[in-house]
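Beneath this line is the structure, given in structure tokens, with notes to follow.
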Amino acid sequence: MTMEEGTLKEPTHCAGTVGDRDPYQWDTREDCEVRQILDRIADKWSLLVIALLDRRTLRFTELRREIDGISQRMLTVTLRQLERDGLVRRTVYPVVPPRVDYALTPLGETLHETIQALVSWTEVHQDEVARARAEYDLRADAERDLVTGAR
Numbered sequence: 001m002t003m004e005e006g007t008l009k010e011p012t013h014c015a016g017t018v019g020d021r022d023p024y025q026w027d028t029r030e031d032c033e034v035r036q037i038l039d040r041i042a043d044k045w046s047l048l049v050i051a052l053l054d055r056r057t058l059r060f061t062e063l064r065r066e067i068d069g070i071s072q073r074m075l076t077v078t079l080r081q082l083e084r085d086g087l088v089r090r091t092v093y094p095v096v097p098p099r100v101d102y103a104l105t106p107l108g109e110t111l112h113e114t115i116q117a118l119v120s121w122t123e124v125h126q127d128e129v130a131r132a133r134a135e136y137d138l139r140a141d142a143e144r145d146l147v148t149g150a151r
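Heads up: the sequence shown begins at 1 in full-length UniProt numbering, then just goes up one per residue.
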């Protein structure tokens, strides 16, 4: 079996055990299957691809045009990983030039509400995050100045 970039050969199922007091706790080891799936779905590029394919089919070039900053290679790797995980369906048409469409599978479509909630949260809280970042940067600069003796 060939392995895609960024995946482990034999993931273990490490979800919380039945009867755990907190059902949202899981084993965070690198070889944990739950962690690997979360890493894939929450990956910077995967999240954007899944969001763009929500309720529509796109070609590779359309995806690349829509995702600012992604390289051709990174988009290819991301799509292959999502296809391998059963979240994206790749359809190749026997025409010249070749035509390949990408769409979410029924499993991928189940992420719709989760991703919409994440996007909505981001839109609602973006100003708070920006303020927190600015405050952090000021503190970090002040601490650095204190350590280096700069004024």
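Backbone N, C-alpha and C define an ideal beta-carbon position, used for all residues, glycine too.
query: Taking just the CA atoms, how far does D101 sit from V147?
result: Residue 147 sits at position 147 when you count from the first residue of the sequence shown. Residue 101 sits at position 101 when you count from the first residue of the sequence shown. Between V147 and D101, the C-alpha separation is close to 55 Å.
| message | Whether or not the segment 41 to 52 and the segment 79 to 94 are in contact is what I'm after, with contact meaning three or more pairs of Cβ atoms, one per stretch, closer than 8 Å; do they touch? | response | As far as the Cβ criterion goes, the segment 79 to 94 touches the segment 41 to 52, which means the pair count is three or higher.
* The beta strand (DSSP E) enclosing D101, as first and last residue numbers -> Sequence index remark: in the sequence shown, residue 101 carries index 101 (1-based). Residues R99 to L104.
Query - Beta carbon of R144 nearer than 8 Å to that of R99 - result: Numbered from its first residue, the sequence shown carries residue 144 at position 144. Numbered from its first residue, the sequence shown carries residue 99 at position 99. Not closer than 8 Å, so no.
With respect to the beta strand (DSSP E) encompassing T114, which residues constitute its N-terminal and C-terminal limits? As a position in the sequence shown, residue 114 is number 114, starting the count at 1. Where T114 is concerned, there is no enclosing beta strand (DSSP E), although the alpha helix (DSSP H) around it starts and stops at H112 to T148.
task: Could you please give me the residues that DSSP links to V92 through a beta bridge?
output: Locating residue 92 in the sequence shown gives position 92, where the first residue counts as 1. DSSP, once it has assigned bridges, lists V100 as partnering V92.
Self-check item: Expected contact under 8 Å - CB spacing of I115 and D54 to nearest Å
Solution: To locate residue 115, count along the sequence shown from 1; it is residue 115. To locate residue 54, count along the sequence shown from 1; it is residue 54. Confirmed, about 7 Å.
What number of angstroms, rounded off, separates the C-alpha of Q81 from the C-alpha of R29? Along the sequence shown, one-based indexing puts residue 81 at 81. Along the sequence shown, one-based indexing puts residue 29 at 29. Using only the alpha carbons, I get a separation of about 20 Å.
Nearest by alpha-carbon distance to L75: which of W45, Y136, I41 and V95 is it?
Here residue 75 refers to the residue found at position 75 when the sequence shown is read from its first residue. Of the residues W45, Y136, I41 and V95, the one whose Cα lies closest to the Cα of L75 is W45.
Subject >> Limits of the alpha helix (DSSP H) - the one that L53 falls within >> reply: The count along the sequence shown starts at 1 and reaches residue 53 at position 53. Looking at the DSSP string, L53 is not in any alpha helix (DSSP H), and its letter there is neither H nor E.
Check your understanding: So is R40 buried or exposed if we call it buried at 16+ other beta carbons inside 10 Å?
Key -> Along the sequence shown, one-based indexing puts residue 40 at 40. Classification of R40: buried, given that the 10 Å Cβ count is 16 or more.
*Verify whether the separation of the beta carbon atoms of R64 and Q72 is less than 8 Å.*
Within the sequence shown, residue 64 is the residue found at index 64, counting from 1. Within the sequence shown, residue 72 is the residue found at index 72, counting from 1. Yes. Within cutoff.
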